[in-house]
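Colleague:
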Amino acid sequence: MIVPSLCYSVYACFSKANEVILSFLLLANLVSSSDGQNCSALQPGQYRCDLPLIDKATQQPIDCSRETLQAPVACRPAPGIFCNGQYFTGEEVGFLGSVTCRFVTGYRFDTALLLSVFGGLFGLDRFYLGYVALGLLKLGTIGGFGLWYLADILLIAIGIVGPADGSTLLTPYYDPPVTLLSRSPLTVYIG
Numbered sequence: 054m055i056v057p058s059l060c061y062s063v064y065a066c067f068s069k070a071n072e073v074i075l076s077f078l079l080l081a082n083l084v085s086s087s088d089g090q091n092c093s094a095l096q097p098g099q100y101r102c103d104l105p106l107i108d109k110a111t112q113q114p115i116d117c118s119r120e121t122l123q124a125p126v127a128c129r130p131a132p133g134i135f136c137n138g139q140y141f142t143g144e145e146v147g148f149l150g151s152v153t154c155r156f157v158t159g160y161r162f163d164t165a166l167l168l169s170v171f172g173g174l175f176g177l178d179r180f181y182l183g184y185v186a187l188g189l190l191k192l193g194t195i196g197g198f199g200l201w202y203l204a205d206i207l208l209i210a211i212g213i214v215g216p217a218d219g220s221t222l223l224t225p226y227y228d229p230p231v232t233l234l235s236r237s238p239l240t241v242y243i244g
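Position 56 (the sequence shown) corresponds to 109 in my numbering; numbering is contiguous.
Below, the structure is given as structure tokens:
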């Protein structure tokens, strides 16, 4: 008795087996990813986040958390991205991202630097930043005989000396901030 077979040749048998395996893998992938990935796990370039609203008094995002130094912003997945169980057109909010912010209390960088240059011999910069005892000492020694005066100009200009309350000096949000560079395992030196 001759048994009818779907395999007329060795090549036909392998191609049928490949089709079955490919169909099974495709079906398994569709079942396992029916909800899609979480939108917050998208790669940069697959979403666009809105700019934060800036507080005019502090020059920082309005909803800046003092504990985490993060502010929430609405992020929109790119058109055609499937996540959180839906396709996005680029207009819908997919998730809330965050931007970093700084803790500021109103001490301005430009004011501190100008007071250091023009009133540093009398300790006006230290009084302004909240260091009353150091301001009195600087006043009594005429700016530490001029040496402390010069050092304070440099220290304020590069951001080492800041307000006594631990906040950072206020600079406009879209200007480059004064940050202290430090050496860490992630630091890359070129040269």
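We put the CB at the ideal spot given by N, CA and C, even for glycine.
#1: Report the CB separation of P97 from L106 in whole angstroms; it is logged as a contact under 8 Å.
#2: Specify the secondary structure class of Y181 as computed by DSSP and reduced to three states.
#3: Check the C-beta distance from L222 over to A165 and give it rounded, since I have them as a contact under 8 Å.
#4: With C128 and Q90 assumed to form a contact (beta carbons below 8 Å), what rounded beta-carbon distance in angstroms separates them?
#5: Decide yes or no for the touch test of the segment 164-178 against the segment 207-219: beta carbon pairs closer than 8 Å, at least 3 of them.
#6: Figure out for me which residue from F175, L189, G212 has the closest Cα to the Cα of F162.
#7: Note down the Cα distance separating Q139 from Q123, rounded to an integer number of angstroms.
#8: Would you call L187 buried or exposed, if buried means 16 or more other Cβ atoms sit within 10 Å of its Cβ?
#9: If you drop the 5 nearest sequence neighbours on each side, which residues of the same chain put their C-beta closer than 8 Å to that of P131?
#10: Using 10 angstroms around the beta-carbon of L189, count the other beta-carbons present and answer buried if the total reaches 16, otherwise exposed.
#11: Please state if the CB of S220 and the CB of Y160 are separated by a distance shorter than 8 Å.
Modeller: Well, looking at it:
#1: For the purposes of this step, residue 97 is taken as residue 44 along the sequence shown, with counting starting at 1. For the purposes of this step, residue 106 is taken as residue 53 along the sequence shown, with counting starting at 1. That pair is no contact at about 22 Å.
#2: Numbered from its first residue, the sequence shown carries residue 181 at position 128. Reduced to three states, the DSSP call for Y181 is helix.
#3: Within the sequence shown, residue 222 is the residue found at index 169, counting from 1. Within the sequence shown, residue 165 is the residue found at index 112, counting from 1. Rounded, the Cβ-Cβ distance is 6 Å, consistent with contact.
#4: To locate residue 128, count along the sequence shown from 1; it is residue 75. To locate residue 90, count along the sequence shown from 1; it is residue 37. Contact between C128 and Q90 is absent: CB atoms are separated by about 14 Å, not below the 8 Å threshold.
#5: yes
#6: Position 109 of the sequence shown holds residue 162. It is G212 whose Cα lies nearest to the Cα of F162.
#7: Sequence index remark: in the sequence shown, residue 139 carries index 86 (1-based). Sequence index remark: in the sequence shown, residue 123 carries index 70 (1-based). Going by the C-alpha atoms only, they are around 28 Å apart.
#8: Taking the first residue of the sequence shown as 1, we reach residue 187 at position 134. Buried.
#9: Counting from one through the sequence shown, the residue named residue 131 turns up at place 78. Here residue 131 turns out to be Ala, not Pro, going by the sequence shown. Cβ within range, chain order: G98, Q99, Y100, R101, F141, G143.
#10: Translated into the one-based positions of the sequence shown, residue 189 becomes position 136. Burial call: exposed.
#11: Start at 1 with the first residue of the sequence shown, and residue 160 comes out as number 107. Start at 1 with the first residue of the sequence shown, and residue 220 comes out as number 167. It is a contact, given that the beta carbons lie within the stated cut-off.
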